[in-house]
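Enquirer:
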Amino acid sequence: MALINLNLLGNQTTRVPQDQPVANGDTLSLNLSGSNTLIIDGVDVDLAGTVSAAVGGDTIIEATNGANVNVTSFAGVGAANSLTYRIGENASLGYGGGTLSVGLLNNTNIEFASGGTGTLSFVAPTANLDLSARPTITGLTAGDKLNVSQGNLIGDPTPASSINYENGVLTVYRAGPLGTQLPIASFNAPDLPTDGSFSLDADGNVVYACFLRGTLIATPDGETAVEDLREGDRVRTASGGVATVKWVGYRKLHRNRIPAKDALRAYPVRIAKDALADGRPLRDLTVSPGHHLYFDGRLVPAMALINGLTIVQDRERVSFEYFHVELDRFDILLADGVPAESYVDTGNRQMFQNADAVALRPDFGPAAGRPQIEGLTIERSGRYVETLRNQLLVRAQVLTGVRRVAEPDLRLEIAGQRIEPSRVDPASGLYAFDIPATAAGQDVYLVSRSAIVRETSVHVRMDRRRVGVGLASLALLRGEQRQPIDLMDPRLQGFNDPQDAHGTPMRWTMGRSLIPAALVAGEGAATLELRVLRTYSYWETADDATVLAA
């Protein structure tokens, strides 16, 4: 655990540990002047920094590829400069407590660029902060974690219990004495949904958490549609007990009113009959993406289980109604045979159209947050969810007859002709394709299996990109001439945006990608060489297998 001093003196981009050896547990001490970018790639470090107030500039600190960065202190940020933290894929940023100052907050930006896999742990000072001084948060999407708490002189921080979002400002509260809610932190958050249809749950995630119209809830007298439940009705719980309905909230959403950035956390998740286990659900069950389902003492959000086969996100509905059931105490309901959480007021009651029905009753005041119930934990990623996802992926194959395969079936198509690789070197990822002279002047299609990132991985991903193979290079060989093809060439079609793969530029294809004739022009036969840096896991139907065998 070494102390690493790093001087960035302007117009520099530095990546650690590639440019500066750094190990897990080390502390980076930064001396910054002017505009700089520091990329922390896949390592866990503490970070302390000083910015030269005499030299204006913008500093970007990016955590990516699973890096965990804990900011212990930062000084010198003021009106002449700004500090931006960028949280990348599977990365986390710990920030707050004694590191905060008014000047620092007003000039601090926190960007989620993680595709729903980033975490920000924000600890407000022990003394209440001036809420007019606040950082700006952008890019927060479903799956990202915003953990907000307030530090204590002794013991663990006090977690947030509720939120309020108004005029682009997100204010976070903790439970106070006698049922009060005390503000502990405030953020400029200009790109959260303006209809207030989100909440801060016990772990700080922005979620919808509801059943859809038609969901059947188990009661002592049989099943009742969720929309037909009323205050005072009795429902069965997963433990075999009975609970009383306190309130049923509802909200109707329209597809044309949902911003694209909110799609992941808004559109419902459909769970096919028997997708989780025999009789679970008893029939197709549709819930909101953030609704937690119960597995062996753990609550897992539906969005973490999407596989594209038996658990899918339904983006085709024009409109849909969400319902949530609040009980006299928090418990686990049975929805179409599936154990699922009841509603807890974490500051989002106003998202429901009938919020006043309970707000006007003094005995129905807001709960301080999801109760801490012994033996009940919330899991959104990590080993348990990965094991569960793997079990459900295997089950999906049994139920549908579709197979999960690793072979990309990479080939070319030119004028309807299929061309298989003439040479493959698995060690280097090199694929070579011989293009006959008769195909000169034709467009070349690079074809492979493809998959939606979040659907086939055992890891929890919120990435909705369709990917085929990840290319590090393209080149055309004709005679003794070797002509590289720039992966950034704007004439290429059917490619995802470029990304950094541990220091190597890479572009994913989308399963059918066009290399236009102009990029492979020339006379005579040629060879197209591709270096494949990454492949993925793909769904293969019986029809796909038949075509491949032929």
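Reminder that position 59 of the sequence shown reads as 67 in the working numbering, one-by-one numbering, no gaps. Glycine included, each C-beta is placed from N, C-alpha and C at the ideal position.
1) Can you tell which of T227, A246, A121, I171 has the C-alpha that lies nearest to the C-alpha of Y302?
2) Output the distance between the C-alpha atoms of I95 and V346, rounded to the nearest integer angstrom.
3) According to DSSP, which residues form a beta bridge with L178?
4) If I follow the unbroken alpha helix (DSSP H) through A480, where does it start and stop?
5) Taking its Cβ as the centre, do 16 or more other Cβ atoms sit within 10 Å of A312, making it buried, or is it exposed?
6) Return helix, strand or coil for M514, following the three-state DSSP convention.
7) Is the region 30-38 close to the region 48-56, with three or more CB pairs under 8 Å?
8) Could you tell me the alpha carbon to alpha carbon distance between R520 and I314, rounded to whole angstroms?
9) Have a look at N32, I48, R515 and flag the residue whose alpha-carbon is nearest the alpha-carbon of G476.
10) Closer than 8 Å is the cut-off here; do at least three beta carbon pairs connect the region 531-545 with the region 429-445?
11) Going by beta carbon distance, what residues of the same chain come within less than 6 Å of V455, once the five residues before and after it are set aside?
12) Could you spell out the range, first to last residue, of the alpha helix (DSSP H) harbouring A271?
13) Excluding five sequence neighbours on each side, which residues of the same chain lie with their C-beta closer than 6 Å to the C-beta of L290?
14) Run through the DSSP bridge pairs and tell me what T92 is partnered with.
15) Does the distance from the C-beta atom of G42 to that of L14 stay below 9 Å?
16) Shortest alpha-carbon distance to R388 belongs to which of T72, E334, V468?
17) Threshold first: 3 residues or longer. Then list the beta strand (DSSP E) segments lying entirely within the region 283-316, N to C.
18) Taking N6 as the reference, which of T395, A197, D34 has the closest Cα?
19) Three-state secondary structure (DSSP) at G187?
20) Under the three-state reduction of DSSP, which class applies to A348: helix, strand or coil?
21) Sorted by chain position, which residues of the same chain lie with C-beta nearer than 6 Å to L334's C-beta, five sequence neighbours on each side aside?
22) Between I225 and L154, which are expected to be in contact by the criterion C-beta below 8 Å, what is the C-beta distance as a whole number of angstroms?
23) In terms of residue numbering, what span does the alpha helix (DSSP H) encompassing R3 cover?
24) Taking the CB atoms as reference points, tell me whether V180 and I192 lie closer together than 9 Å.
25) Between the Cα of L400 and the Cα atoms of G390, L522, I279, which residue gives the shortest distance?
26) From L148, R182, I171, pick the residue whose C-alpha is nearest to that of Q158; which is it?
27) Identify whether T446 lies in helix, strand or coil by the three-state DSSP scheme.
28) Would you identify the three-state DSSP class for D471, choosing helix, strand or coil?
29) Just to confirm the assignment, what range does the alpha helix (DSSP H) spanning Q26 have?
30) Run through DSSP, which three-state label would L342 get?
Expert: In short, the structure shows the following:
1) The option with the nearest alpha carbon to Y302 is A246.
2) The alpha-carbon separation between I95 and V346 amounts to approximately 35 Å.
3) Answer by DSSP bridge pairing, in chain order: Y173, F195.
4) Residue range 478-486 is occupied by the beta strand (DSSP E) that includes A480, with no alpha helix (DSSP H) assigned at that position.
5) By the 16-neighbour rule on beta-carbons within 10 angstroms, A312 is buried.
6) It is a strand residue.
7) Yes: the two stretches touch, three or more of their Cβ pairs being nearer than 8 Å.
8) About 24 Å.
9) Checking every option, the nearest Cα to that of G476 belongs to R515.
10) The way I'd put it, the region 531-545 does touch the region 429-445; three or more beta-carbon pairs between them come closer than 8 Å.
11) Only residues of its own chain outside the window of five on either side were considered, and among them R419, E421, R520 have a CB closer than 6 Å to the CB of V455, listed in chain order.
12) Counting along the chain, the alpha helix (DSSP H) containing A271 begins and ends at 271-274.
13) Once the five neighbours on either side are set aside, the close Cβ partners of L290 are D344, G345.
14) The partner list for T92 (beta bridge, DSSP) reads I68, N117.
15) No, the pair does not count as a contact, with Cβ atoms beyond the cut-off.
16) The shortest Cα separation from R388 among T72, E334, V468 belongs to V468.
17) Taking only runs of at least 3 residues, the beta strand (DSSP E) segments lying wholly in the region 283-316 are 293-295, 300-303, 306-309.
18) The structure shown does not extend to residue 6, since the chain is modelled only from 9 through 558, so no value can be given for it.
19) Three-state DSSP puts G187 in a helix.
20) In this structure, DSSP gives A348 an extended state, which the three-state scheme calls strand.
21) The sequence shown places Glu at residue 334, not Leu. Closer than 6 Å at the Cβ level, and outside the excluded window around E334, lie K254, W255, Y351.
22) The Cβ separation is near 31 Å, so there is no contact.
23) Here the chain comprises residues numbered 9 to 558, so residue 3 is not present and cannot be evaluated.
24) Yes. Within cutoff.
25) Of the candidates G390, L522, I279, the residue whose Cα lies closest to the Cα of L400 is I279.
26) That would be R182, whose Cα lies nearest to the Cα of Q158.
27) The answer is helix: DSSP assigns T446 an H, G or I state.
28) Residue state, collapsed to three classes: coil.
29) Segment: none, Q26 is in no alpha helix (DSSP H) and carries neither H nor E.
30) Three-state DSSP puts L342 in a strand.
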